[in-house]
Structures are given as C-alpha cells and as structure tokens.
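Asker:
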Amino acid sequence: MRTRLLQDPADAAAVLRDGGLCAIPTETVYGLAARADAADAVRRVFKAKGRPGDNPLIVHLGDAGEADGVAHVTDVGRALLDAFAPGPLTVVLPARPGLPPGVTAGLDTAAVRVPAAPLALAVLGATGPLVAPSANRSGRPSPTTWQAVVDDLDGRIDAVLQGPPTDVGIESTVVDATGETPLVLRPGAVTLDALRELFPDARTVDAGAEAARRSPGVRHRHYAPRARVRLVTSADRAEPAPEAAWIGLSEPPRGYAQATVCDDADDYARRLFDAFRRADRAGLGRIDAEVVPEVGIGVALMDRLRRAAQA
Ligand code: AMP
Ligand code: MG
3 MRTRLLQDPA
13 DAAAVLRDGG
23 LCAIPTETVY
33 GLAARADAAD
43 AVRRVFKAKG
53 RPGDNPLIVH
63 LGDAGEADGV
73 AHVTDVGRAL
83 LDAFAPGPLT
93 VVLPARPGLP
103 PGVTAGLDTA
113 AVRVPAAPLA
123 LAVLGATGPL
133 VAPSANRSGR
143 PSPTTWQAVV
153 DDLDGRIDAV
163 LQGPPTDVGI
173 ESTVVDATGE
183 TPLVLRPGAV
193 TLDALRELFP
203 DARTVDAGAE
213 AARRSPGVRH
223 RHYAPRARVR
233 LVTSADRAEP
243 APEAAWIGLS
253 EPPRGYAQAT
263 VCDDADDYAR
273 RLFDAFRRAD
283 RAGLGRIDAE
293 VVPEVGIGVA
303 LMDRLRRAAQ
313 A
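For the sequence shown, the numbering used here assigns the number 313 to the last residue and increments by one with no breaks.
1. So the candidates are D238, T235, A134, P167; which of them puts its Cα closest to the Cα of F48?
2. With R288 as the anchor, note down where its alpha helix (DSSP H) starts and where it stops.
3. To which residues does DSSP link I60 through a beta bridge?
4. Is any heavy atom in ligand 2 found nearer than 7 Å to the beta carbon of S174?
5. Check for me: the beta strand (DSSP E) holding Y225 runs from which residue to which?
6. Measuring straight from C-alpha to C-alpha, what distance separates T111 and Q260?
7. Let me check you understand the geometry: is the CB of S136 closer than 7 Å to at least one non-hydrogen atom of ligand 2?
8. Quick check on R139: does DSSP put it in helix, strand or coil?
9. Just list the beta strand (DSSP E) runs in the segment 164 to 235, keeping only unbroken ones of 3 residues or longer that don't cross its boundaries, in chain order.
10. Taking 8 Å as the cut-off, decide whether the C-beta atoms of S217 and V31 are in contact.
11. When DSSP labels each residue in this structure, what does R4 get in the three-state scheme?
12. Excluding the 5 residues flanking E245 on each side, which residues of the same chain have their C-beta closer than 6 Å to its C-beta?
13. Does DSSP put A243 in a helix, in a strand, or in coil?
14. Hey, quick one: how far does the beta strand (DSSP E) through I26 stretch, first residue to last?
15. Assuming contact is defined by CB atoms lying nearer than 8 Å, are E292 and A247 in contact in what I supplied?
16. What are the boundary residues of the alpha helix (DSSP H) that P254 is part of?
17. Using a threshold of 8 Å, state whether the C-beta atoms of P184 and F201 are closer than that.
18. How far does the beta strand (DSSP E) with V94 in it extend, from its first residue to its last?
19. Taking one C-beta from the segment 87 to 101 and one from the segment 139 to 159 each time, how about it: are there three or more such pairs within less than 8 Å?
20. Answer with buried or exposed for E173, where buried requires no fewer than 16 other C-beta atoms within 10 angstroms of its C-beta.
21. Around the C-beta of A281, are 16 or more other C-beta atoms found within 10 angstroms, so that it is buried, or is it exposed?
22. What is the DSSP secondary structure of T106, reduced to helix, strand or coil?
23. If you compare alpha carbons, which of A267, A313, D276 is closest to M304?
24. Go through its chain and collect everything with a Cβ distance to Q9's Cβ below 7 Å, but skip five positions before and after it.
25. Assuming contact is defined by CB atoms lying nearer than 8 Å, are G21 and D42 in contact in what I supplied?
26. Figure out for me which residue from I249, V297, Y225 has the closest Cα to the Cα of R308.
27. Compute the beta-carbon to beta-carbon distance between A213 and L187, rounded to the nearest angstrom, for a pair I have assumed lies under 8 Å.
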C-alpha cells in the first residue's frame with residue numbers, strides 16, 4: 003500500500019469516511035485514526051500497529067456531547083468532560099453495546115477523549131467518532147512528528163495528515179470515571195492536582211494488578227527506544243560516551259553523541275520521544291535520562307521514563 007501524505011484535513015476526513023486508516027496530529031501525540039463504528043477499519047488498526055488484541059482504543063470525539071453515543075456518561079464523567087474537554091484527558095465510562103469489539107477489547111468500558119488540536123478537531127468535525135491509538139508500531143515510542151509516523155507505518159496505512167510537532171508530547175491522562183471518584187489509570191498532562199480541584203478524593207491506581215485489570219494497555223511494554231535507558235539523578239552522575247545520548251534539564255558534561263537540554267519539565271515531555279527516536283536512528287546503545295521532581299507534568303514524565311528504563 004502507498005501511504006499518502008496529506009495537508010488538508012478535508013482529505014484526511016475523506017480517507018477516514020471511506021473506512022481508511024489515516025494518522026492525524028493531536029495535541030498529545032499523533033494518533034492512527036479510523037472510524038469507531040467500522041469493525042473492519044478497527045481491525046486494520048490493530049494489524050497496522052501490531053497492537054495486542056487485549057489493548058482497547060480511545061474513541062476521539064469532535065465534541066463532548068457525542069460521548070453519549072458510545073458510552074453511558076456518569077456524573078463524574080460529565081464533570082470531567084465539562085472541565086477538561088477539549089484537552090489531554092481520556093475518560094473511561096461504561097460502554098454502550100454495539101461498538102466494534104476491538105474498540106473495547108472485550109471490556110465493558112469505553113474510553114473517550116476530545117482532542118484540542120485544531121487539525122484533529124477539523125477532521126473529527128467531518129467524520130464523527132474515530133478511534134486513534136498512538137500512530138506507532140506497538141512497543142515503539144509514540145510519534146510526536148509526522149515523520150515519526152512515516153518511519154513506523156509507511157506502507158501499512160492509507161495516509162498521514164502532516165501537521166506540526168505535537169505540543170504535549172506524551173499520551174493523555176486516562177481516568178476511570180465509572181465509580182464515585184475518578185481513578186487515574188495513566189498519568190498525563192492533566193495532573194492529579196488538577197483533578198482534585200474538582201474531586202478531592204481522586205487518586206491514582208497503583209501500577210500493578212488493579213491498573214492492569216482496569217486498563218490492559220498499562221501492562222504492555224511501551225514508550226521504549228531500542229537503546230537502553232538509564233535514569234540518572236543529576237548531571238554529576240552522567241557518563242558521557244560516544245555511543246550514548248543525554249536528555250534532561252541540566253547541561254551534561256561534554257562527550258555525549260547527542261544532548262537534549264530542556265527548558266523545563268513541559269519541554270522535556272514535549273521532546274522526550276523524539277529524542278528516543280533520534281538516538282535509535284543514530285544506532286546509539288544508551289540514553290541517560292535525568293530524573294525530574296514528581297510534580298505537575300513531572301509525574302507523567304517520570305512514569306514514561308521508568309517504563310522506558312524497565313524495558
Ligand atoms: P494509546 O491510545 O496507544 O495511548 O493507548 C490507549 C490507552 O488507553 C491504553 O493504556 C488503554 O489501556 C487505555 N484504554 C483505552 N480504552 C480503555 C478502556 N475501555 N478502559 C480502560 N482503559 C482504556
Ligand atoms: Mg500507544
């Protein structure tokens with residue numbers, strides 16, 4: 003299959019309405035979009051990504067009002083959507099029957115999100131609900147540029163909508179809103195503190211059994227470059243080498259093949275996955291990633307860094 007590069011969201015919408023697969027930019031990462039109501043297109047998403055069949059897909063909506071079409075919107079879910087949609091928050095709700103089986107991966111819940119990126123909204127306005135998991139080959143870091151999508155999926159999908167590098171750089175916060183209080187299943191740019199302003203009892207589900215049961219995706223190997231990731235507490239612990247890369251907030255000592263020095267934790271999150279991919283393209287064996295304080299986006303950033311370092 004020849005993968006077309008598109009500039010116009012109307013062209014992307016046409017591919018999708020026909021049941022095709024088109025990667026689109028959102029504010030978090032690029033998503034591999036397909037019609038959420040088309041079982042065949044949804045199956046092709048799993049195939050193109052090599053995604054494990056037990057990992058459900060987030061349904062992207064152009065407007066929070068469309069959530070009622072795919073899920074039973076709980077009071078908690080309604081409040082979260084009112085406060086954070088559009089934005090980098092995914093809300094898990096009891097699923098309505100009739101969704102293609104791949105969307106929920108057999109769970110009785112459906113995850114919905116309204117992205118904030120103008121190009122994503124332009125596409126969604128012309129298509130209706132779309133599944134859009136990160137547009138990478140399963141197991142690779144999520145793509146934050148259209149070029150990263152092409153590197154992973156060229157020849158496997160119908161089209162890529164070329165947009166700017168994504169703004170947030172890491173995947174959405176996933177919150178279970180099926181109960182009385184929100185449970186964070188995956189940290190992201192919408193922080194626990196922000197959720198607690200609405201719901202003081204909101205909490206994060208401990209990584210492990212409960213998280214895996216509620217959100218199978220968190221079990222899977224994720225976010226990992228081929229290079230070995232080593233977490234370092236400060237630039238004093240750096241070990242520069244010609245086959246190693248550095249990423250962090252501090253200026254490292256000389257001698258790294260690549261060094262990404264970020265302005266702050268938001269900038270670090272924005273640049274992390276691209277730095278992983280750049281190190282892999284250069285065939286580097288090791289990435290030294292400086293740890294950050296676990297406040298604000300730092301919580302989500304450390305989650306991704308730990309997963310990458312474990313892999
Ligand atoms: P990705 O779109 O590749 O960033 O991955 C989607 C994430 O959302 C995975 O971690 C999934 O486990 C999670 N997710 C999607 N749908 C559901 C659902 N119905 N219930 C719980 N988690 C979900
Ligand atoms: Mg993903």
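A virtual CB, placed ideally from N, CA and C, is assigned to each residue, including glycine.
Answerer: The structure says:
1. Stepping through the sequence shown from its first residue, residue 48 is reached at position 46. Considering only alpha carbons, the answer is A134.
2. Locating residue 288 in the sequence shown gives position 286, where the first residue counts as 1. It is not in any alpha helix (DSSP H) - R288 instead sits in the beta strand (DSSP E) that spans 288 to 292.
3. Position 58 of the sequence shown holds residue 60. For I60, which the question treats as bridged, DSSP gives the partners A113.
4. What you label residue 174 is simply residue 172 of the sequence shown in a count that begins at 1. For ligand 2, not one heavy atom lies less than 7 Å from the Cβ of S174.
5. As a first step, residue 225 is located in the sequence shown; it is residue number 223 there, counting from the start. Taken as a continuous stretch (DSSP letters only), Y225 belongs to no beta strand (DSSP E), as it is neither H nor E.
6. Numbered from its first residue, the sequence shown carries residue 111 at position 109. Numbered from its first residue, the sequence shown carries residue 260 at position 258. For T111 and Q260, the distance between alpha carbons rounds to 43 Å.
7. Your numbering for residue 136 matches position 134 in the sequence shown. It does: the Cβ of S136 is within 7 Å (strictly closer) of some heavy atom of ligand 2.
8. As a first step, residue 139 must be located in the sequence shown, where it is residue number 137. Three-state DSSP puts R139 in coil, outside helix and strand.
9. 175 to 178, 185 to 188, 230 to 234
10. Within the sequence shown, the letter at position 215 stands for residue 217. Within the sequence shown, the letter at position 29 stands for residue 31. For S217 and V31, no; Cβs fall outside 8 Å.
11. Counting from 1 along the sequence shown, the entry for residue 4 is found at position 2. Here R4 sits in coil by DSSP.
12. Working through the sequence shown from its first residue, we reach residue 245 at position 243. Excluding positions up to five away in sequence, the list reads L286, G287.
13. In the sequence shown, residue 243 corresponds to position 241, counting from 1. In the three-state scheme derived from DSSP, where H, G and I count as helix and E and B as strand, A243 is classed as coil.
14. Position 24 of the sequence shown, counted from the first residue, corresponds to residue 26. Start and end: 24 to 27.
15. Here residue 292 refers to the residue found at position 290 of the sequence shown. Here residue 247 refers to the residue found at position 245 of the sequence shown. Contact annotation: E292 and A247 have beta-carbon atoms that are not nearer than 8 Å.
16. To locate residue 254, count along the sequence shown from 1; it is residue 252. Neither: P254 is in no alpha helix (DSSP H) and is coded neither H nor E.
17. Position 182 of the sequence shown, counting from 1, holds the residue named residue 184. Position 199 of the sequence shown, counting from 1, holds the residue named residue 201. Going by C-beta atoms, P184 is nearer than 8 Å to F201.
18. Taking the first residue of the sequence shown as position 1, residue 94 is located at position 92. First-last of the beta strand (DSSP E) with V94: 91 to 96.
19. No contact exists between the segment 87 to 101 and the segment 139 to 159.
20. The residue you call residue 173 lines up with position 171 of the sequence shown. Buried, since its Cβ has 16 or more Cβ neighbours within 10 Å.
21. For the purposes of this step, residue 281 is identified with residue 279 of the sequence shown, where counting begins at 1. If you draw a 10 Å sphere on the C-beta of A281, you find 16 or more other C-beta atoms in it, and that means buried.
22. Within the sequence shown, the letter at position 104 stands for residue 106. Here T106 sits in helix by DSSP.
23. For the purposes of this step, residue 304 is identified with residue 302 of the sequence shown, where counting begins at 1. M304 has its Cα closest to that of A267, out of A267, A313, D276.
24. The count along the sequence shown starts at 1 and reaches residue 9 at position 7. These residues qualify, in order along the chain: Q164.
25. Your numbering for residue 21 matches position 19 in the sequence shown. Your numbering for residue 42 matches position 40 in the sequence shown. Cβ distance < 8 Å, so G21 and D42 count as in contact.
26. If you number the sequence shown from 1, residue 308 lands on position 306. If we check each option's Cα against that of R308, Y225 comes out closest.
27. Residue mapping note: residue 213 aligns to position 211 of the sequence shown, counting from 1. Residue mapping note: residue 187 aligns to position 185 of the sequence shown, counting from 1. Their Cβ separation, rounded to whole angstroms, is 6 Å, which keeps A213 and L187 in contact under 8 Å.
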